[in-house]
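J.: Position one of the sequence shown corresponds to residue 25 (the working numbering), numbered consecutively onward.
Built from N, CA and C at the ideal position, the CB exists for glycine as well.
Once you've had a glance at the structure underneath, I'll fire off some questions.
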Amino acid sequence: MDNHSSYSSKNIFKSFWKFILLNAGIATFLIVLLCPQCLTSWQGLKLAFPDFVFSFLISSCLSYGGYWTDNLLDSRLPWVKYPLRRLLVTAIIYFSFCFFFSYIIVFIVVYLKGQFELSNIPWKALLEYTKTPIIIGLSFMAFFTARSWLYEWRNSAIEAEQLKSENISSQYQSLKDQLNPHFLFNSLNVLSNLVYESADKSAEFIQQLSKIYRYVLEVQQEELVGLDREIGFAENYLNLQKIRFEGSLEYFIDLHQFNGYYLPPLSLQLLLENAIKHNIASLQKPLKIMIEQREDFLIVRNILQPKLTKEDLKTGIGLPNIQKRYALLSNQSPTIIKTEKEFIVELPLLKLNGT
């Protein structure tokens, strides 16, 4: 606790001296700008000292007011969300702040110099004296406003990029988790049986399996993939399953437009795996899966012949995974339709900006 208090005290002390040095530097800059000849002699420095104090007081008040205003508005009117409203409110507050404090300080300084009596206050003359500090103050305020705007936009861009990276990382980690490890073991079991049954089938099975896992590795770092690539992967996956299920699985693909359309990677694999996992596929009741395009949607449907075990009746996590990824990527979401005879999922086909 003592260490924390000591650390806080040091920070406050350091911030205080930074504040003093900054405003002293601004006051010195103004003296150099407005009265360079004052720096050539000791007498000139003595004459410039009241103006230095005057500039320091105005700069301190305005910088503190700007700091307070920015902190207040950053939480209520952030630049990123309300740029025009923030600019208008900032301009009004800064101008009012500049006018009020400049006028008060001019009033005090001129009075201390003995240039008027309280019984005869030259309001118009004081207003004339205030014009220059107001203009200078507003110039500095404009600089700090631009600085605040740039910092907030930069921080917002950094946060958005970090969030995007985290989402993508989480998304693809989820995808890797979604790829059922049992699928690989089942595939190896099927392969071990095929080796004894048919060398040709086992070779075909290995070829399809290698294509599937090559694709999985290729798209792990991608946010979207072209529809043609995803369909090609789906065909490899279904062909692998056809070897496994022999005549118990049938599929049909009907697409007419590939160019310019994109999907979250492995979306089709999750839907196809979901259909195969939760439905009966036998020679007597072959499982039929259809993939077709309707305008800007990819329709994946399968004949509904659900398995009766509790494990197979569970919804699983494939569909929620796809829905969450669409929520991250766009304002569209998949549509899920279940009828007495079919299970249908409509995936929105996404387009890249500018295409």
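#1: Could you name the residues that DSSP lists as bridge partners for T359?
#2: Compare the C-beta of Y237 against all C-beta atoms of chain B and say whether one is closer than 7 Å.
#3: Strictly by DSSP, which residues pair up with N326?
#4: Note down the Cα distance separating I117 from L69, rounded to an integer number of angstroms.
#5: At what residues does the alpha helix (DSSP H) containing Y264 begin and finish?
#6: Just checking my contact of L150 with V130 at CB under 8 Å: how many whole Å lie between their CB atoms?
#7: Taking only the alpha-carbon atoms, compute the straight-line gap between G49 and F76 and give it to the nearest angstrom.
#8: Output the distance between the C-alpha atoms of F124 and L174, rounded to the nearest integer angstrom.
#9: Would you mind stating whether T154 and S120 have Cβ atoms separated by less than 7 Å?
#10: What does DSSP give as the partner residues of Y286 in its beta bridges?
#11: Can you look up F168 in the DSSP assignment and give me helix, strand or coil?
#12: Please name the residue in S291, N263, H280 and G284 whose C-alpha comes closest to that of E274.
#13: Measuring alpha carbon to alpha carbon, tell me which residue in F282, K365 and G161 is nearest Q317.
#14: Identify which residue in F229, L290, F167 and E254 has its Cα closest to the Cα of R268.
#15: Name the residue from I360, E364, I361 and P372 whose alpha carbon lies nearest to the alpha carbon of S354.
#16: Starting from the C-beta of F328, find all residues in its chain whose C-beta is less than 8 Å away, skip the five residues before and the five after it, and write them out in chain order.
#17: Excluding the 5 residues preceding and the 5 following T93 in the sequence, name in chain order all residues of the same chain whose CB lies nearer than 8 Å to its CB.
#18: Starting from I128, trace the beta strand (DSSP E) in both directions and tell me its first and last residue.
#19: Going by alpha carbons, who is nearest to R325 out of L332, K312 and K331?
T.: Taking the coordinates as given:
#1: Along the sequence shown, one-based indexing puts residue 359 at 335. Answer is E370, bridged to T359.
#2: You won't find chain B in this structure, because it holds only one protein chain.
#3: The residue labelled residue 326 in the question sits at position 302 within the sequence shown. Its beta-bridge partners are I313 and F367.
#4: By 1-based counting over the sequence shown, the position of residue 117 is 93. By 1-based counting over the sequence shown, the position of residue 69 is 45. Using only the alpha carbons, I get a separation of about 35 Å.
#5: As a first step, residue 264 must be located in the sequence shown, where it is residue number 240. In the sequence as displayed, the identity of residue 264 is Leu instead of Tyr. Element bounds for L264: L251 to F269.
#6: The count along the sequence shown starts at 1 and reaches residue 150 at position 126. The count along the sequence shown starts at 1 and reaches residue 130 at position 106. Yes, L150 and V130 are in contact; Cβ-Cβ is about 6 Å, under 8 Å.
#7: Your numbering for residue 49 matches position 25 in the sequence shown. Your numbering for residue 76 matches position 52 in the sequence shown. Approximately 10 Å between the Cα atoms of the pair.
#8: Translated into the one-based positions of the sequence shown, residue 124 becomes position 100. Translated into the one-based positions of the sequence shown, residue 174 becomes position 150. Roughly 27 Å between the two C-alpha positions.
#9: Locating residue 154 in the sequence shown gives position 130, counting from the first residue. Locating residue 120 in the sequence shown gives position 96, counting from the first residue. Judged by beta-carbon spacing, S120 lies beyond the 7 Å limit of T154, meaning their Cβ atoms are not closer than that value.
#10: Reading the sequence shown from its first residue, position 262 is the one you call residue 286. Per DSSP, G250 and L374.
#11: Reading the sequence shown from its first residue, position 144 is the one you call residue 168. Correct three-state label for F168: helix.
#12: Counted from its first residue, the sequence shown places residue 274 at position 250. It is N263 whose Cα lies nearest to the Cα of E274.
#13: For the purposes of this step, residue 317 is identified with residue 293 of the sequence shown, where counting begins at 1. The shortest Cα separation from Q317 among F282, K365 and G161 belongs to F282.
#14: In the sequence shown, counting from the first residue as 1, residue 268 sits at position 244. Of the candidates F229, L290, F167 and E254, the one whose C-alpha sits nearest the C-alpha of R268 is F229.
#15: Along the sequence shown, one-based indexing puts residue 354 at 330. With distances taken between Cα atoms, S354 lies closest to P372.
#16: As a working note, residue 328 is residue 304 in the sequence shown. Before going further, note that residue 328 is Leu rather than Phe in the sequence given. Correct list, in chain order: N303, K362, T363, E364, K365, E366 and F367.
#17: On the sequence shown, position 69 is the one that residue 93 refers to. Within the same chain, T93 has close Cβ partners T114, I117, Y118 and F121.
#18: What you label residue 128 is simply residue 104 of the sequence shown in a count that begins at 1. Premise fails: I128 lies in the alpha helix (DSSP H), P107 to L136, not in any beta strand (DSSP E).
#19: Here residue 325 corresponds to residue number 301 of the sequence shown, with the count starting at 1. Looking at the Cα atoms, K312 is the closest of the given residues.
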